[in-house]
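*Asks:* Dropping the structure in here first, questions after.
There are 2 protein chains.
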Amino acid sequence: MSTIKQAPLPSANRTVFFVSDGTGITAETFGHSVLTQFDLKFKQIRLPFIDTVDKAHDAVRKINDAFQREGNRPIVFSTLVKAELSAVVFKSQGLHMDLIQTFVAPLEQELGIKSTHTVGRSHNIADTEEYKNRIEAINFSLAHDDGQSDKNLAKADVILVGVSRSGKTPTTLYLAMQYGIKAANYPLIPEDFERGKLPSCLPEFKGKIFGLSIAPERLSEIRNERRPGSKYASLENCRYEVNEAEAMMRREGIRWLSSTAKSIEEISTTILQEIKVDVRVY
Amino acid sequence: MSTIKQAPLPSANRTVFFVSDGTGITAETFGHSVLTQFDLKFKQIRLPFIDTVDKAHDAVRKINDAFQREGNRPIVFSTLVKAELSAVVFKSQGLHMDLIQTFVAPLEQELGIKSTHTVGRSHNIADTEEYKNRIEAINFSLAHDDGQSDKNLAKADVILVGVSRSGKTPTTLYLAMQYGIKAANYPLIPEDFERGKLPSCLPEFKGKIFGLSIAPERLSEIRNERRPGSKYASLENCRYEVNEAEAMMRREGIRWLSSTAKSIEEISTTILQEIKVDVRVY
């Protein structure tokens, strides 16, 4: 996606384990954030569904084996809710980063109630309203990808507009999957620029429209991967489309950002700040 | 998605803040895991992109205002990497759960090096190979959704099979978005059952095929939302299709799981354990 090459990081010769009684996704996501603070490469092993004492002992063996092999203490990020399981894993020779125990105890004191210690509860959510909303939002976003359908645009929380390949589709899917937001996306195409008007189904929804733009050079790179050497991908055409799209968004008073150097996480967070969508309050 | 109704949780009359110099997604995901250990409902406010001292002071004002309003200390999950910013936020009247400082200090000691303290680095990833892979995987999964294309199936990391509406599409998108895994999906349809054979393009890729099944009752519910009263959605037809699909997967030696009570996170984690896909080692 970019021509910037990153120098490979030196190896830490050390294994990181993500141990969880659920999917391990929280331990991994969080551990990942912490580890990127260090310019080292780690071997990573996820140990999900550690929900019995036997499996906990298995995990201990794997952690200790890595210690034997590498001569460096493995780093263990764990989200084991049951105390009997974390007690077992704690006996391993790793450096323990226990996310639950570290933060649950002070919260119990502050709130004056005991935690429910429910195993893997945050991801055992297939039966909740929130989960249902996420799946519905994914289906909505797929059905309203790339202007495929004008139907039910009134039900959209957000409508993204922008030239082809400006990052609309991955962003709408991320908004749906992460936040249960129904996000449609609508391309701005040369016919719209000639008419000098937004696609006719959009003006009535202006309050929830958000634009994505992109540097013409980057756009040309992306389009060339799909249709090498085409007029569609040429820098000249990309410049024209981006200029026209930005002029149209300014004229119509549509908020927009440049997706050029932004991840879908960053784009989505900005959109949520701008379009006040009411996201999962539980 | 389910007929199980959950009793509403009592309100904690307390606000939870997620404060970050980046998107705040890590703080929010993690905080969410911790809070679900308590049977209380919290008001939640995300404060992303807090990357200057001025913005940190703004955050402090919001936290203190909530304290004034509710009379209960707000809970503050923060992932502020820069010490000067976390020092400001720490002076607020909240209960502080500082994810970075809590775990980075012991890691610095263990690794014998200082952390880079790079702001929001884990999500400022739009220029990395890993990010590029994720976006490519999303595009691949969309192009290979629902058996749309047989092309490039050799490039797929995983091919999901199962009856229509068994959860294949959201799972492939989650695998792509979270792990950069190229996941195709292929429906098993009545014609396949009549022939008694897998779709002809699949057998050569058996090593990376994984099946999703689902309880016929649940499948009938889901299909009735789309096509109420149709034969397609009838319990009798759903029983037939699920039986045939499971028999075919057993006959062909395809690993499968039931998606009935599982979230896409749980399904994806199980698939990754079964199909040994090499996921982002950095």
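Chains as they are written, first to last, in my numbering: chain W, 14 to 295; chain B, 14 to 295.
Just so it is clear, CB atoms sit at the ideal spot from N, CA and C, and this is done for glycine as well.
Quick one: Cα of residue 224/B to Cα of residue 118/B, how far?
*Replies:* Counting from one through the second sequence, the residue named residue 224/B turns up at place 211. Counting from one through the second sequence, the residue named residue 118/B turns up at place 105. Spanning the alpha carbons of residue 224/B and residue 118/B requires a straight line of approximately 44 Å.
*Asks:* Taking the runs of the beta strand (DSSP E) that are 3 residues or longer, which of them lie wholly in the segment 54-96 of chain B?
*Replies:* 54-60, 88-92
*Asks:* Mind pulling the chain W residues with CB within less than 8 Å of residue 94/B?
*Replies:* Translated into positions along the second sequence, residue 94/B becomes position 81. Per Cβ cutoff of 8 Å: 50.
*Asks:* Is there a Cβ from chain W that is less than 8 Å from the Cβ of residue 108/B?
*Replies:* Taking the second sequence and counting its residues from 1, one reaches residue 108/B at position 95. Judged by the 8 Å Cβ criterion, residue 108/B is in contact with chain W.
*Asks:* In chain B, what lies closer than 7 Å to residue 37/W by C-beta?
*Replies:* Indexing the first sequence from 1 puts residue 37/W at position 24. Here the neighbours are 282.
*Asks:* What whole-angstrom Cβ distance do residue 31/B and residue 87/B have, given they're in contact under 8 Å?
*Replies:* Against the second sequence, residue 31/B aligns to sequence position 18. Against the second sequence, residue 87/B aligns to sequence position 74. About 11 Å; that fails the 8 Å criterion.
*Asks:* So residue 187/B contacts chain W; which residues on that side make the cut at Cβ distance below 7 Å?
*Replies:* Here residue 187/B is taken as the residue at index 174 of the second sequence, counted from 1. Simply 190.
*Asks:* In chain order, which continuous runs of the alpha helix (DSSP H) of length 4 or greater are located wholly inside the segment 95-119 of chain W?
*Replies:* Whole alpha helix (DSSP H) segments, 4+ residues: 96-103.
*Asks:* Could you pull the start and end residues of the beta strand (DSSP E) that residue 31/W belongs to?
*Replies:* What you label residue 31/W is simply residue 18 of the first sequence in a count that begins at 1. That run of the beta strand (DSSP E) goes 24-33.
*Asks:* Does residue 180/W pass the burial test, meaning 16 or more other C-beta atoms within 10 Å, or should it be called exposed?
*Replies:* Here the question's residue 180/W lines up with position 167 in the first sequence. By the 10 Å Cβ count, residue 180/W comes out buried.
*Asks:* Take residue 25/B as the anchor and find which of 166/B, 245/B, 120/B, 83/B has the nearest alpha-carbon.
*Replies:* As a position in the second sequence, residue 25/B is number 12, starting the count at 1. Nearest to residue 25/B by C-alpha distance, out of 166/B, 245/B, 120/B, 83/B, is 83/B.
*Asks:* Pull out every residue of the segment 45-72 of chain W whose Cβ sits closer than 9 Å to any Cβ of chain B, in chain order.
*Replies:* The segment 45-72 of chain W vs chain B, Cβ under 9 Å: 45, 46, 47, 48, 49, 50, 51, 52, 53, 54, 55, 56, 57, 59, 61, 62.
*Asks:* Once DSSP output is grouped into helix, strand and coil, what is the label at residue 223/B?
*Replies:* For the purposes of this step, residue 223/B is identified with residue 210 of the second sequence, where counting begins at 1. Of the three classes helix, strand and coil, the one that applies to residue 223/B here is strand, per DSSP.
*Asks:* Taking residue 174/W as the reference, give the member of 185/W, 90/W, 66/W, 164/W with the closest Cα.
*Replies:* By one-based count along the first sequence, residue 174/W stands at place 161. Among 185/W, 90/W, 66/W, 164/W, the Cα nearest to that of residue 174/W is on 185/W.
*Asks:* Are the Cβ atoms of residue 155/W and residue 176/W separated by less than 8 Å?
*Replies:* Working through the first sequence from its first residue, we reach residue 155/W at position 142. Working through the first sequence from its first residue, we reach residue 176/W at position 163. No, Cβ-Cβ distance for residue 155/W and residue 176/W is not below 8 Å.
*Asks:* Assuming residue 203/B is part of the alpha helix (DSSP H), what are its boundary residues?
*Replies:* By one-based count along the second sequence, residue 203/B stands at place 190. Residues 203-208.
*Asks:* Should residue 36/W and residue 61/W be called a contact, given that it needs their Cβ atoms to be closer than 8 Å?
*Replies:* Taking the first sequence and counting its residues from 1, the one referred to as residue 36/W is at position 23. Taking the first sequence and counting its residues from 1, the one referred to as residue 61/W is at position 48. Less than 8 Å separates the beta-carbon of residue 36/W from that of residue 61/W.
*Asks:* Suppose the cutoff is 8 Å on Cβ atoms and the five residues either side in sequence are ignored; what does the same chain contact list for residue 52/W look like?
*Replies:* On the first sequence, residue 52/W is found 39 positions in, with the first residue counted as 1. Closer than 8 Å at Cβ, skipping near neighbours: 22, 23.
*Asks:* So which residues on chain B does residue 123/W lean against when the C-beta distance must stay under 8 Å?
*Replies:* Here residue 123/W refers to the residue found at position 110 when the first sequence is read from its first residue. Here the neighbours are 86, 88, 108.
*Asks:* Specify whether the segment 156-173 of chain W and the segment 198-218 of chain W touch according to this definition: at least 3 beta carbon pairs, one from each stretch, less than 8 Å apart.
*Replies:* yes
*Asks:* Do you know whose CA, among 98/B, 50/B, 207/B, 227/B, lies nearest residue 129/W's CA?
*Replies:* The residue labelled residue 129/W in the question sits at position 116 within the first sequence. Taking only the C-alpha atoms, the option nearest residue 129/W is 50/B.
*Asks:* Could you tell me whether any Cβ in chain B is nearer than 8 Å to the Cβ of residue 129/W?
*Replies:* Counted from its first residue, the first sequence places residue 129/W at position 116. Chain B, which has a Cβ nearer than 8 Å to the Cβ of residue 129/W, makes this yes.
*Asks:* State the beta-bridge partners of residue 171/W as determined by DSSP.
*Replies:* In the first sequence, counting from the first residue as 1, residue 171/W sits at position 158. According to DSSP, which records beta bridges pairwise, residue 171/W is partnered with 196/W.
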